[in-house]
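K.L.:
Read in order, the letters of the sequence shown are residues -22 to -1, 1 to 107 in mature numbering (1 follows the signal peptide of the UniProt record, and there is no 0).
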Amino acid sequence: MVYCLIKSLIIFISFLVITINTMPLDNHDNEITEISNNDCVRTSNMLDISKKYPNAVFPTLIDIGMCTGSCTISKRSIFEGKQMWKKETKKCAPTNYNLLSIYHYDMASNKIVPSKTLDIVVHECGCRV
């Protein structure tokens, strides 16, 4: 009974961590990064955490996402000659991440404890140079 209550609490806390803590990617060079509405989208990428962390209690399977699609060169970039001279192409890449907390069973203390907090869950995708 207590184990089920603890597991439910961990599920709820992890849900809050994943949904509330959105960490934007720092972007100090707005001139070469242009977010555009191409077919660059977030797609599913399931990761089995229990393979890397055998003591993981929650989550054991998570959709960390990935960015797929193509990006077009903006007319402004072509006009300014950026694409021709620098040989830069836009790539579909993550622009925003969510935090992921992993909880594991600690055999020494006989408790469920958080082990890692990573910002690896792709939240949004965009076209970047």
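Ideal placement from N, C-alpha and C gives every residue a C-beta, glycine not left out.
Identify the continuous alpha helix (DSSP H) that holds S28 and give its terminal residues.
P.N.:
Your numbering for residue 28 matches position 50 in the sequence shown. S28 -> alpha helix (DSSP H) spans I27 to K30.
K.L.:
Which first and last residues belong to the beta strand (DSSP E) in which S79 is found?
P.N.:
Position 101 of the sequence shown, counted from the start, is the residue given in the question as residue 79. S79 -> beta strand (DSSP E) spans K69 to D84.
K.L.:
Hey, would you say Y31 sits closer than 9 angstroms to S79, going by beta carbons?
P.N.:
The count along the sequence shown starts at 1 and reaches residue 31 at position 53. The count along the sequence shown starts at 1 and reaches residue 79 at position 101. Cβ atoms of Y31 and S79: not closer than 9 angstroms.
K.L.:
Candidates S22, L39 and G43: which alpha carbon is nearest S28's?
P.N.:
Taking the sequence shown and counting its residues from 1, the one referred to as residue 28 is at position 50. The shortest C-alpha separation from S28 is found at L39.
K.L.:
Specify the secondary structure class of I98 as computed by DSSP and reduced to three states.
P.N.:
Position 120 of the sequence shown holds residue 98. Here I98 sits in strand by DSSP.
K.L.:
Relative to the C-alpha of T95, which residue among C18, M24, N76 and T46 is closest?
P.N.:
Reading the sequence shown from its first residue, position 117 is the one you call residue 95. When only C-alpha atoms are compared, the closest one is N76.
K.L.:
Could you spell out where the beta strand (DSSP E) holding I40 opens and where it closes?
P.N.:
Working through the sequence shown from its first residue, we reach residue 40 at position 62. L39 to D41 is the extent of the beta strand (DSSP E) around I40.
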